[in-house]
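Listed in order, the protein sequences are those of chains A and B. Following the numbering used here, the numbering of the first sequence begins with 3 at its first residue and continues without gaps. Following the numbering used here, the numbering of the second sequence begins with 4 at its first residue and continues without gaps. C-beta atoms are modelled at their ideal positions from N, C-alpha and C, and glycine is treated no differently. To start, the structure under review is shown below, and the notes come after it.
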Amino acid sequence: MSHIETPGGEKPRHKPSRAPRTPMPERPAAERARDFDEVNLGYTDEQAKAEADRCLQCKNPTCIDGCPVNIDIKSFIRHIIDGEYADGVAVLKERNALPAVCGRVCPQEEQCEVECVLAKKGESVAIGRLERWLGDRDLSCELDERCKPEVGEDTGYRIAVVGSGPAGLACAGELRRFGHATTVFESLHALGGVLTYGIPGFRLPKAIVQTEIEMLGVMGVEFVTDVVVGATYTVDELMTEQGYDAVFVGNGAGLPVFLGIPGENLNGVYSANEFLTRVNLMRGNEFPTADTPVWRGRKVAVIGGGNVAMDSARTAQRLGAEEILLVYRRSEEEMPARKEEVHHAREEGIEFKMLCSPSEIVGHDGWVTGLIATRMELGEPDESGRRAPTCVLGSEFTIDCDTVIVAVGTRANPLLTKTTPDLELTKRGYVVADEHGATSKPGVFAGGDIVTGSATVILAMGAGKRAAKAIDQWLTALPR
Amino acid sequence: MFHIVDKRQLSEAVFEMGVEAPAIARKAKAGQFLMLRVDENGERIPLTFSDWSAEEGLIRFIFMRVGKTTHKLSHLEAGDSLADVVGPLGVPTHVEGLGRVAVVGGGVGAAVAYPVARAMAEAGNDVTVILGARNADLLILEDEFRKLPLRELVVCTDDGSAGRKDLVTAPLKELCESGVLDHAMAIGPVIMMKFCAATTKEFGVPTTVSLNPIMVDGTGMCGACRVTVGGETKFGCVDGPDFDGHLVDFEELMSRQRVYVDDERLADAEYSRECTCHT
Ligand SMILES: Cc1cc2nc3c(=O)[nH]c(=O)nc-3n(C[C@H](O)[C@H](O)[C@H](O)COP(=O)(O)OP(=O)(O)OC[C@H]3O[C@@H](n4cnc5c(N)ncnc54)[C@H](O)[C@@H]3O)c2cc1C
Ligand SMILES: Cc1cc2nc3c(=O)[nH]c(=O)nc-3n(C[C@H](O)[C@H](O)[C@H](O)COP(=O)(O)OP(=O)(O)OC[C@H]3O[C@@H](n4cnc5c(N)ncnc54)[C@H](O)[C@@H]3O)c2cc1C
Ligand code: SF4
Ligand code: SF4
Ligand code: FES
């Protein structure tokens, strides 16, 4: 094993264990599918240590290249091996403001883990799970004992961050490290963006998100909820009358897309956004203790094949649906959802109807009674490499259901951009920004889903962080 | 937290509230609305600004007690506070250069009609207001309307206990027939807006209605507020709430407003059991 090296020169050489990858402890499907508590339980201390011991501490740690924010994976794992947990957290926080979140929801299997040298044998180090374990360890400490990234000396500059999703949060945390006064404006009453209103608690407990955000507050980030930028203030007003020197736009891509098929406005048809918001943000599952109702269907059809579709199906399950069918246009290999989520959904009893394209929602008395779909077959691969589905003539059939949840994607919400006329947009309404997050408007930076379209938590965070650096450089170059 | 500055009761189930919200007060325009949440367990509900003052940092709205949230709201007093107030949302009502206009306000819709009529009058239009209610007790804001520079205020009640014993569509039709009307605006229960739009359509008088679909966020991110206008799906909160009354699918709107009736009844019944007021 020539690629093992003594890290940092001082520490003793690590002798990796040859044990197989440590499985994630999880609650049994029958139990977890009835409540909103977390499915994965997280490693125990022993399991984390055992898994960390598997890491080869490579001379050339390719895993790091797989991480979009280049976390020093080798180093944080080494700290776990050596029992230096606080140091390990500090390594994570150097690149990632929300490790307990990313450790849970990052598509690790396609990022850091796929680049791990052990992946070739199909047994990569469970980097994400270790990150989660370390992140959770930090969160379980008292606030004053938690890892607090150092805050820079006050620069006198004030920055407004629009949106408290991963992009905005990462940007705000980083701006504080540079010493800029930072205010995050959020249109909803709760912070976290999709982490709060979209991703359900059984995958990402809401308390985890709020506790991670708490640390940003300790770092001096000011949070203002109930402000819709574009309505309460425009971007220009933030920069003039409100006196901000720069603005970061991280308002996500929150506008739900519908299919445009007949019957979509029947009662019982939800966008995934509405359905998930009613449950995650408004706690519809606790109705009537919480005031917001959510329609609890018995037979639910979910249209789509991404994480959002999985989350909707599994949420419907937990609200007591008897039958849930996931209807997807392409085949299972093409489903963009994480494999782990597909696997969990299946275990919990979600049925998959692949290669089916919905053409109409039918109803009676204003309410959904069924979904008409056509079978598809796969043709030649298109530019994206995915094989385009085409209709099989005469193969229409009806799925009986009382609820349809449309989870076929989201778009940019024009509320902010249409009130900021000098902000250059793409044809589809996304903000045009360079690799550092600079937009066409001086002093305005952007990142996350509003630039890339719906992507991932870690990409949004990476963009927020890069933009913070660009903002810092832009401010430094300004004549004082 | 948003502080309640004053509150008054306008009729048995209708209340007006003033709330400190300086950032919102700077920007509010006639026809726009806010979303509020009473407390941490609260639902987000939309209410239209009935008035606002940038100088005092104050917004006002008028609401009718119809279910749990408005019921909770009716128990709050000056000095209490609301968990959340967001706005101003929606597209302001178009008030410029309309000419001779009839503004119809039915029931609590009068609360929305009031700032709209005021803005239209201030913009130099020639405004007639038709106020409707089931009976005199339910009639609200009559005095406030009388203070506006209107051509005329026509009051109608279903039982004749105040003003004419008529539906609001009767005086609206007369105005249409006289051929003087350039524009109509109807705000109130969906069924009333539907009949007003049907009345003016016959005479080709352009008519705006202010729709009240169920909303969650009020900013375009959920689609709960979908309405069909001219065969196209629109989001009530960001594309509206005002739409061309001759193109709106009112049947669909009425059906969509009923999605949660059973839940709403349950929630309010449970709340009423604990609450000591009458209702
Ligand atoms: C159901 C669901 C499941 C997902 N699962 C995963 C997963 O497992 N792994 C993964 O990596 N990614 C997942 N994603 C994608 C990921 O959540 C997003 O890519 C990410 O959250 C984007 O971050 P963002 O900060 O750009 O935007 P968002 O998270 O959308 O945050 C934007 C914030 O801005 C606020 N805002 C919007 N407009 C305004 C305005 N005008 N003024 C003020 N505030 C405003 C919004 O309310 C929101 O809080 C999922 C997405 C969804 C919807
Ligand atoms: C743009 C807009 C402006 C409005 N302006 C006013 C106003 O100025 N004054 C006023 O009294 N009312 C107004 N409404 C209606 C008001 O929002 C509802 O009466 C209120 O939400 C009822 O809530 P509740 O819990 O008390 O009653 P519930 O028992 O929950 O509901 C009673 C009825 O109100 C409607 N409703 C319920 N929840 C919502 C919701 N989240 N969003 C919209 N409608 C809902 C439904 O049709 C329901 O059947 C407006 C609605 C909209 C969409
Ligand atoms: S942030 Fe995501 S990609 Fe990076 S190391 Fe953590 S789990 Fe892997
Ligand atoms: S995680 Fe994998 S690639 Fe990274 S240092 Fe450990 S063994 Fe090497
Ligand atoms: S209320 Fe959610 S999009 Fe209109």
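Does at least one heavy atom of ligand 3 sit under 8 Å from the Cβ of G466/A?
By 1-based counting over the first sequence, the position of residue 466/A is 464. Remark: the C-beta of G466/A is outside contact range of ligand 3, defined as less than 8 Å to any heavy atom.
CA-to-CA distance, C393/A to A303/A, given in whole angstroms:
As a working mapping, residue 303/A is identified with position 301 in the first sequence. As a working mapping, residue 393/A is identified with position 391 in the first sequence. Spanning the two alpha carbons is a distance of roughly 20 Å.
In whole angstroms, give me the CA-to-CA distance for A88/A and V186/A.
By one-based count along the first sequence, residue 88/A stands at place 86. By one-based count along the first sequence, residue 186/A stands at place 184. Cα atoms of A88/A and V186/A: separation of roughly 28 Å, rounded to the nearest angstrom.
One question on the structure: do F36/B and P244/B come within less than 9 Å of each other, judged by their Cβ atoms?
By one-based count along the second sequence, residue 36/B stands at place 33. By one-based count along the second sequence, residue 244/B stands at place 241. It is a contact, given that the beta carbons lie within the stated cut-off.
Going along the chain, which residues of the region 22-38 of chain B sit with their C-beta nearer than 8 Å to a C-beta in chain A?
Going along the region 22-38 of chain B in chain order, one finds A26, I27, K30 with a Cβ nearer than 8 Å to chain A.
Any heavy atom of ligand 1 closer than 8 Å to the beta-carbon of G200/A?
For the purposes of this step, residue 200/A is taken as residue 198 along the first sequence, with counting starting at 1. Checking the Cβ of G200/A against ligand 1 gives yes.
Following a CB-centred definition, is F238/B positioned closer than 8 Å to any heavy atom of ligand 5?
The sequence position of residue 238/B within the second sequence is 235, counting from 1. Yes, the Cβ of F238/B comes within 8 Å of a heavy atom of ligand 5.
If you measure from the CB of T71/A, is any heavy atom of ligand 3 nearer than 8 Å?
If you number the first sequence from 1, residue 71/A lands on position 69. Thr is not the amino acid found at residue 71/A; the sequence shown has Val there. It does: the Cβ of V71/A is within 8 Å (strictly closer) of some heavy atom of ligand 3.
Taking 9 Å as the CB-CB limit, is N215/B close to chain A?
Stepping through the second sequence from its first residue, residue 215/B is reached at position 212. N215/B does not count as touching chain A.
Members of the region 214-241 of chain A near chain B, C-beta cut-off 8 Å:
Hits within the stretch, in order: T227, D228, V229, V230, A233, T234, Y235.
Does the beta carbon of P244/B fall short of 8 Å from some heavy atom of ligand 2?
Taking the first residue of the second sequence as 1, we reach residue 244/B at position 241. Within the cutoff, so yes.
Go ahead and label K61/A buried or exposed: buried means 16 or more other beta carbons lie within 10 angstroms of its beta carbon, across all protein chains shown.
Taking the first residue of the first sequence as position 1, residue 61/A is located at position 59. Result: exposed.
What are the residues in the region 364-390 of chain A lying within 9 Å of chain B by C-beta distance?
If the cut-off is 9 Å between Cβ atoms, the region 364-390 of chain A has D367, G368, W369 near chain B.
Out of S442/A, D367/A, L100/A, V364/A, state which residue places its alpha-carbon closest to the alpha-carbon of I210/A.
As a first step, residue 210/A is located in the first sequence; it is residue number 208 there, counting from the start. Of the residues S442/A, D367/A, L100/A, V364/A, the one whose Cα lies closest to the Cα of I210/A is L100/A.
Given 8 Å as the limit, tell me if F250/A has its C-beta closer than that to any heavy atom belonging to ligand 1.
Residue mapping note: residue 250/A aligns to position 248 of the first sequence, counting from 1. It does not: the Cβ of F250/A is nowhere closer than 8 Å to a heavy atom of ligand 1.
Which ranges does the alpha helix (DSSP H) cover as unbroken runs of at least 4 residues, wholly within the region 116-195 of chain B, from first to last along the chain?
Considered as a whole, the region 116-195 of chain B harbours 145-149, 172-180 as its complete alpha helix (DSSP H) runs of no fewer than 4 residues, in chain order.
Quick check on M67/B - is its C-beta less than 9 Å from some C-beta in chain A?
As a first step, residue 67/B is located in the second sequence; it is residue number 64 there, counting from the start. Answer no: the Cβ-Cβ gap between M67/B and chain A never drops below 9 Å.
On the criterion of 16 or more Cβ atoms from any shown chain inside 10 Å, does T231/B qualify as buried, or is it exposed?
Reading the second sequence from its first residue, position 228 is the one you call residue 231/B. Counting Cβ neighbours within 10 Å, T231/B comes out buried, since at least 16 surround it.
Quick one, are the C-beta atoms of A126/B and E99/B less than 9 Å apart?
The residue you call residue 126/B lines up with position 123 of the second sequence. The residue you call residue 99/B lines up with position 96 of the second sequence. For the 9 Å CB-CB criterion, A126/B and E99/B form a contact.
Residue closest to F286/B, alpha-carbon to alpha-carbon, out of D87/B, P25/B, A113/B:
This structure leaves residue 286/B out entirely; chain B is present only between 4 and 282.
Apart from the five residues on each side of it in sequence, which residues of its chain come closer than 8 Å, Cβ to Cβ, to E53/A?
Walking along the first sequence from the start, residue 53/A turns up at place 51. Correct list, in chain order: R23, T24, Y45, V127, A128, R131, L132.
Supposed contact pair G90/B and A233/A - C-beta distance, whole angstroms, cut 8 Å
For the purposes of this step, residue 233/A is taken as residue 231 along the first sequence, with counting starting at 1. For the purposes of this step, residue 90/B is taken as residue 87 along the second sequence, with counting starting at 1. With a Cβ gap of about 7 Å, A233/A and G90/B count as contacting.
Applying the 10 Å Cβ sphere with the 16-neighbour rule, what's the burial state of E19/B?
Looking up residue 19/B in the second sequence gives position 16. E19/B should be labelled buried.
With a threshold of 8 Å, establish whether the CB of E1/A neighbours any heavy atom of ligand 5.
An answer regarding residue 1/A cannot be provided, because it is not within the stretch 3 to 482 covered by chain A.
Rounded to whole angstroms, what's the CA-CA distance from P496/A to P258/A? Just pull it up for me.
An answer regarding residue 496/A cannot be provided, because it is not within the stretch 3 to 482 covered by chain A.
Exposed or buried, I487/A, counting other C-beta atoms within 10 Å across all chains shown (16 or more means buried)?
Residue 487/A lies beyond the residue range present for chain A, which begins at 3 and ends at 482; the question has no answer from this structure.
With a threshold of 8 Å, establish whether the CB of S19/A neighbours any heavy atom of ligand 4.
Translated into positions along the first sequence, residue 19/A becomes position 17. Short note on S19/A: C-beta not closer than 8 Å to any heavy atom of ligand 4.
Does the beta carbon of A57/B come closer than 9 Å to any beta carbon on chain A?
Locating residue 57/B in the second sequence gives position 54, counting from the first residue. Closer than 9 Å: no.
Would DSSP call Q35/B helix, strand or coil?
For the purposes of this step, residue 35/B is taken as residue 32 along the second sequence, with counting starting at 1. Here Q35/B sits in coil by DSSP.
Within 9 Å, strictly: CB atoms of N98/A and I460/A
Numbered from 1 along the first sequence, position 96 holds the residue referred to as residue 98/A. Numbered from 1 along the first sequence, position 458 holds the residue referred to as residue 460/A. Inclusion of N98/A and I460/A in the CB contact set at 9 Å is warranted, their separation being smaller than that value.
May I ask you to list the residues that DSSP assigns as paired with R389/A?
Locating residue 389/A in the first sequence gives position 387, where the first residue counts as 1. In DSSP, R389/A forms a bridge with P383/A.
Looking at the C-beta of L142/B, does it have a partner C-beta in chain A at a distance below 9 Å?
The residue given as residue 142/B occupies position 139 in the second sequence. At a cut-off of 9 Å, the C-beta of L142/B has no neighbouring C-beta in chain A.
Taking L395/A as the reference, give the member of V196/A, D47/A, E379/A with the closest Cα.
Taking the first residue of the first sequence as 1, we reach residue 395/A at position 393. With distances taken between Cα atoms, L395/A lies closest to E379/A.
What beta strand (DSSP E) runs, 3 residues minimum, are completely inside the region 268-350 of chain A?
Unbroken beta strand (DSSP E) stretches of 3 residues or longer found wholly inside the region 268-350 of chain A: 271-273, 301-305, 325-329, given in chain order.
Kindly say whether S189/A, judged by its beta-carbon, lies nearer than 9 Å to any beta-carbon of chain B.
Taking the first sequence and counting its residues from 1, the one referred to as residue 189/A is at position 187. Yes, S189/A lies at the interface with chain B (some Cβ there is under 9 Å from its Cβ).
Note down, in chain order, every chain A residue with its Cβ under 9 Å from the Cβ of A244/B.
Taking the first residue of the second sequence as 1, we reach residue 244/B at position 241. The sequence given here has Pro at residue 244/B, not Ala. Neighbours of P244/B across chain A, judged by C-beta separation under 9 Å, do not exist; the nearest C-beta is about 14 Å away.
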